Amino acid sequence: MFDFSVISQWLHNLLLSIVPEWAAILIESVLVALVIITLYAVFAIVLIYMERKICGFFQCRLGPNRVGKWGLLQVFADVFKMLQKEIIKMRQTDRFLHDLAPFFVVTASMLTFACLPWNKGAHMIDFNIGIFFILAVSSVGVVGILLAGWGSNSKYPLIGAMRSGAQIISYELSIGLTMLTMICLTGTMQISEIVEQQAAEGWNIFRGHVPALIAFVIYLIAGNAECNRGPFDLPEAESELTAGYHTEYSGMHFGYFYLAEYLNLFIAAGIASTIFLGGWAPLHIAGLDGFNGVMDAIPGIVWFLGKTFFVVFLFMWERWTLPRLRIDNILSLEWKYLMPISMANLVLMALVVAFKLYL
Amino acid sequence: MYQDKSYFSGLFCGIKSICIGLKTTMREFFTPKITEQYPENRKELKMFDRFRGSLTMPHNEKNEHKCVACGICQMQCPNDSINVVSEMVEVDGKKKKQLVRYEYNLGSCMFCMLCVNACPHDAITFDQSFENAVFDRSKLIKQLNKPGSKVAEKPMPARPAVAKPAAKDAEASVAQAAPDQAKAEKPQPATDEATEAKAEN
Ligand code: SF4
Ligand code: SF4
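Respectively, the protein sequence lines represent chains A and B. Using our numbering, read the first sequence as starting at 1 and increasing by one per residue. Using our numbering, read the second sequence as starting at 1001 and increasing by one per residue.
The structure is reproduced here in structure tokens:
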């Protein structure tokens, strides 16, 4: 399998040969930041298009199909529209917090985005508490949402933000517990190691069989809730709260929330594919060497993106099937159902690991 | 949540109904889409049977319609969209109402279909044409009976067939004369309609 670290090492050595080490690291950091931002924008566009198409298909219609072939340019048109719009300034809002909020949300999702393992050797952030780091920085987004609701000085955003706070903090528990379940299996929190291990021994969802599958399903539910997407979209709840916490935003400030929503979806899916479906690790079936060879020939990035978009599809399937829940239903779903189940599941996984029942 | 059920039966019930929902949407995902891409598929676009495009009066191949000018449809119409102009003619010494013009104002019609339901002779119906845009409101007032058309004779129920032939002959000659007359009188409307149709298309 192709190792991306060859390229990064070559680049590092090249830079070292012309500039001192601090400058080389600076240049590399800027390059990485540019790459992250570019990928961020590109994936946002891809996801928005995908969402609109898939939503259309689930509702027995075609989705956007007028701008460009199959509506491919529709999202670009939307992005340019959004870029041109004025960012309005309202009286009696907390201007500082109001303007700060979208950046919190975007920064949080970009930080999480940087943790994804794209290929063997192609990690942007990789250290021994990777999963822990992901959980921590992804929660920063909720601060942005709360600030947006508070800073807008308007009742709908405030209600939306409070709901979002209650919801995200609740579902964070399920996410944390499912991740803990998987860490129990892998024995490491470092993302690169988690993937290496799966490349060597098989995907976690197969290795951990029953508890891993339960954890995966719970993650699918809680992940949708984390991204504030339907059926858990009641922080936005356009039929009740106009647009929830981003009601008072316009132009690119609104655009940041929009981007972050879709990128959070991608990130949630990317993390699911990393810890359950093996990240960039190709599919191996023990005994079929020819098959395994073919699978190895497919580059890791393709595996990673394929799995991630598969999980994104699962998320969208869930979203466009179920109607929006009520806030009390959401909280009782989490506290009375998902959390006890994931705790029991954690115990189950611990037993499986203790008795070496995994594959 | 499920107050009436115990914890576990509620949970499994919920999982089951979610699975049913997921199955339904997945099936929907693969069904052919119902979206009509209208201007492109104009040729093969087929509206559904009950679509109410605009009111028409079907004519058979002998240029005959079934309207007896009773005016029930006009009375039924809540929007005054129908205007039945009739005249009295004498046929066989009997006075009879005959349709002159059947005016239908598409612009004020609300497609309630009361007229069609009320008509005792099934003389009018809705067709599937919906390209109704015109540049002038007066073009929305349409004459539904074709120029020179006349009311179709109903197949007579069994009656003493003795006195009939003469009457039928007389009628037939009237019927023959009428279309010629009408053609001579109104070549204009026909071409008008044709150009209008072109403009609409
Ligand atoms: S269309 Fe029907 S209801 Fe109307 S005048 Fe003719 S026969 Fe009577
Ligand atoms: S459909 Fe209704 S409104 Fe239109 S002409 Fe018939 S009765 Fe009048």
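Beta carbons: idealized from backbone N, C-alpha and C, even for Gly. Owing to the predicted nature of the structure, the values given are computational and were not obtained by experimental measurement.
Could you tell me the distance, in whole angstroms, from the CA atom of Gly279/A to the CA atom of Asp328/A? 35 angstroms
Looking at Glu1064/B: is its Cβ nearer than 8 angstroms to the Cβ of Lys1150/B? With respect to Lys1150/B, Glu1064/B sits close: the two C-beta atoms are nearer than 8 angstroms.
Looking at C-alpha atoms only, which residue of Pro20/A, His12/A, Val19/A and Tyr40/A is the closest neighbour of Ala260/A? Tyr40/A
Do you know offhand how far Val42/A's Cα is from Leu83/A's? Roughly 15 angstroms separates the two Cα atoms.
Can we count Pro1058/B as close to ligand 2, meaning its CB is less than 7 angstroms from some heavy atom? The answer is no for Pro1058/B.
Taking C-beta pairs closer than 7 angstroms, name the residues in chain A that Glu1044/B reaches, listed in chain order. Here the premise fails: no neighbours, minimum Cβ distance about 16 angstroms.
So within the stretch 158-236 of chain A, which uninterrupted alpha helix (DSSP H) runs reach at least 4 residues, ignoring any that extend past its ends? 191-201, 204-207 and 209-226
For ligand 2, is there a heavy atom less than 7 angstroms away from the beta-carbon of Ser1081/B? Under cutoff, so the answer is yes.
Residues of the stretch 1023-1051 of chain B with a CB closer than 8 angstroms to any CB of chain A: list them in chain order, please. Thr1024, Thr1025, Met1026, Glu1028, Phe1029, Thr1031, Lys1033, Ile1034, Thr1035 and Gln1037
Per DSSP, which one or two residues make a beta bridge with Lys1142/B? Tyr1104/B
On the criterion of 16 or more Cβ atoms from any shown chain inside 10 Å, does Ile37/A qualify as buried, or is it exposed? With fewer than 16 other Cβ atoms within 10 Å, it is exposed.
Would Ser139/A and Glu248/A qualify as a contact pair, given that the criterion is a beta-carbon distance under 8 angstroms? no
Does any CB atom of chain B fall closer than 8 angstroms to the CB of Phe315/A? no
Taking the beta carbon of Phe57/A as the centre, do at least 16 other beta carbons fall within 10 Å, making it buried, or is it exposed? buried
Supposed close pair Ile1124/B, Cys1112/B - CB separation, criterion 8 angstroms: Incorrect: roughly 13 angstroms between the Cβ atoms, too far for contact.
Assuming Pro231/A and Leu325/A are in contact, meaning their beta carbons sit under 8 angstroms apart, how far apart are those beta carbons, in whole angstroms? Confirmed, Cβ separation roughly 5 angstroms.
Under a CB-based cut-off of 8 angstroms, is Phe132/A close to chain B? Chain B has no Cβ within less than 8 angstroms of the Cβ of Phe132/A.
So the alpha helix (DSSP H) Ser5/A belongs to, where does it begin and stop? Ser5 to Ile18
Look at the Cβ atom of Gly1093/B, then the Cβ atom of Leu1140/B, and state whether they are nearer than 8 angstroms. no
Could you spell out the range, first to last residue, of the beta strand (DSSP E) harbouring Met82/A? Here Met82/A belongs to no beta strand (DSSP E); instead the alpha helix (DSSP H) covers Gln74 to Gln84.
For Lys1023/B, three-class secondary structure by DSSP: Residue state, collapsed to three classes: helix.
Let me know the secondary structure DSSP gives Ala1123/B once reduced to three states. coil
Min CB distance Gly1107/B to chain A below 8 angstroms: no
For Gln59/A, which three-state DSSP category applies? coil
Going along chain B, which residues have a C-beta under 8 angstroms from Leu62/A? Lys1033, Thr1035 and Gln1037
With a cut-off of 8 angstroms, does the C-beta of Gly1071/B fall near any C-beta of chain A? no
Between the stretch 1018-1031 of chain B and the stretch 1050-1058 of chain B, do at least 3 Cβ pairs fall closer than 8 angstroms? no
Do Leu220/A and Phe315/A count as a contact pair if the criterion is CB distance below 8 angstroms? yes
Between Gly1071/B and the rest of its own chain, which residues show a CB-CB distance below 6 angstroms, the 5 nearest in sequence each way excluded? Val1084
State yes or no: is the C-beta of Ile129/A within less than 8 angstroms of the C-beta of Met189/A? yes
Phe58/A at chain B interface by Cβ criterion, 8 angstroms: yes
Using a cut-off of 8 angstroms between C-beta atoms, extract the partners of Ile1018/B located in chain A. Thr321 and Leu322
Whose Cβ in chain B lies nearer than 7 angstroms to the Cβ of Tyr337/A? Residues of chain B with a Cβ closer than 7 angstroms to the Cβ of Tyr337/A are, in chain order, Leu1011.
Helix, strand or coil at Gln1037/B according to DSSP, with G and I counted as helix: The three-state secondary structure of Gln1037/B, taken from DSSP, is coil.
Identity of the residue in Phe1051/B, Arg1050/B and Tyr1102/B nearest Asp1080/B by Cα: Tyr1102/B
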